[in-house]
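For what it's worth, our numbering labels the leading residue of the sequence shown as 781, then goes sequentially. Think of the CB as a built atom: it goes at the ideal place given N, C-alpha and C, for glycine as much as any other residue. The next block holds one structure in the form of structure tokens; read it before the comments.
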Amino acid sequence: MIVDTIFDNSPTPKLLVLIRHAESVRNATKNGSVYFPDEESRGRYRGTPDHNISLSDEGVKHAHRISPPFHSLFGIPNFIFHSGYKRVTQTIDAMLSSYGHDELQETKTAQDFLLRERDPGFIYDMTHSEANHFFPFVEEHFHTKRPFFARPPGGESLADVAVRLRIFWHDVILRLCANKRVFIFAHGGTSAFY
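Put into structure tokens, the structure is as follows:
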């Protein structure tokens with residue numbers, strides 16, 4: 781029964797820190813929107829797979845800037861889990877820059893595809909006008925189905941993301957990380973569920 785597994789009293793991590801990657805070049809260009817505002821802003825990012833998107837210069841600076849207080853506040857992790865996306869690994873490198881090599885020698889690090897960003901589907905590289913032209917029903921669909929259950933064409937709903945994160949929680953965190961210090965470096969679309 782599902783309810784029994786949710787409250788099964790499994791030991792949890794001693795510390796769980798969720799870190800969304802720093803600002804990426806796409807985040808900066810899209811300025812908080814799902815779509816690019818226009819063809820010009822999409823420019824050089826068109827066709828770049830999501831997992832290859834880098835941090836912006838500001839994102840790198842910010843991640844380095846918060847490294848010392850992060851280190852002092854959260855200490856040394858036993859485990860680091862991440863999605864493997866370029867912007868996430870760049871964030872890890874910058875945020876752990878104030879740690880000494882010896883401090884992280886015992887830390888186990890693992891990439892897990894279950895932590896990847898929500899798949900936006902066919903709209904990934906589209907401008908706002910293209911999305912309205914090719915998928916005029918999407919906005920109404922999101923209002924009708926509610927954002928949690930609405931699935932962009934060819935992509936994942938937030939409910940889909942929740943299912944894979946629940947698998948990660950049960951198969952990885954509860955199984956390996958009882959009473960451990962855990963850092964999870966991921967994305968806004970995945971970190972929000974914890």
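Closest residue to residue i among the options (Cα-Cα distance)
| i | options | result |
| --- | --- | --- |
| residue 800 | 953, 855, 868 | 868 |
| residue 938 | 840, 926, 904 | 926 |
| residue 964 | 856, 929, 922 | 856 |
| residue 839 | 805, 827, 885 | 805 |
| residue 922 | 930, 916, 915 | 930 |
| residue 852 | 915, 832, 883 | 883 |
| residue 949 | 893, 934, 932, 917 | 893 |
| residue 870 | 880, 854, 842, 881 | 842 |
| residue 724 | 915, 832, 854, 815 | Nothing about residue 724 can be reported from this structure: the residues present for the chain run from 781 to 974 only. |
| residue 945 | 968, 932, 960, 933 | 968 |
| residue 832 | 897, 880, 876, 943 | 897 |
Nearest-angstrom Cα separation, counted from residue j out to residue i
| i | j | result |
| --- | --- | --- |
| residue 781 | residue 901 | Confidence is the limiting factor: at residue 781 the pLDDT is only 42, short of 50, which leaves the residue's position unreliable and the question unanswerable from this model. |
| residue 830 | residue 907 | 16 Å |
| residue 878 | residue 919 | 44 Å |
| residue 819 | residue 910 | 10 Å |
| residue 962 | residue 844 | 20 Å |
| residue 795 | residue 941 | 23 Å |
| residue 924 | residue 912 | 17 Å |
| residue 821 | residue 813 | 12 Å |
| residue 1018 | residue 823 | This structure does not reach residue 1018, given that the chain is present from 781 up to 974, and the question cannot be answered. |
| residue 914 | residue 935 | 15 Å |
| residue 789 | residue 932 | 36 Å |
| residue 916 | residue 928 | 19 Å |
| residue 881 | residue 872 | 14 Å |
| residue 966 | residue 973 | 11 Å |
| residue 903 | residue 803 | 20 Å |
| residue 783 | residue 960 | With a pLDDT of only 47 at residue 783, under the threshold of 50, the placement of this residue in the model should not be trusted, and no figure is reported. |
Cβ separation of residue i and residue j, assumed to be a contact under 8 Å, to the nearest whole Å
| i | j | result |
| --- | --- | --- |
| residue 808 | residue 836 | 5 Å |
| residue 817 | residue 958 | Not a contact, Cβ separation roughly 46 Å. |
| residue 895 | residue 970 | 6 Å |
| residue 834 | residue 866 | 6 Å |
| residue 826 | residue 899 | About 18 Å; that fails the 8 Å criterion. |
Bridge partners - residue i, DSSP secondary structure assignment
| i | result |
| --- | --- |
| residue 870 | Answer by DSSP bridge pairing: none, since residue 870 is not bridged. |
| residue 891 | 862 |
| residue 955 | Residue 955 pairs with nothing; no bridge assigned. |
| residue 797 | 963 |
| residue 804 | 835 |
| residue 816 | 907 |
Inset, instruction - Mind the definition here: the segment 859 to 875 touches the segment 885 to 898 only if three or more C-beta pairs lie below 8 Å; say whether that holds. - result: yes
Inset, instruction - Assess, as a yes-or-no matter, whether the segment 828 to 848 is touched by the segment 948 to 958 under the definition of 3 or more beta carbon pairs within less than 8 Å. - result: no
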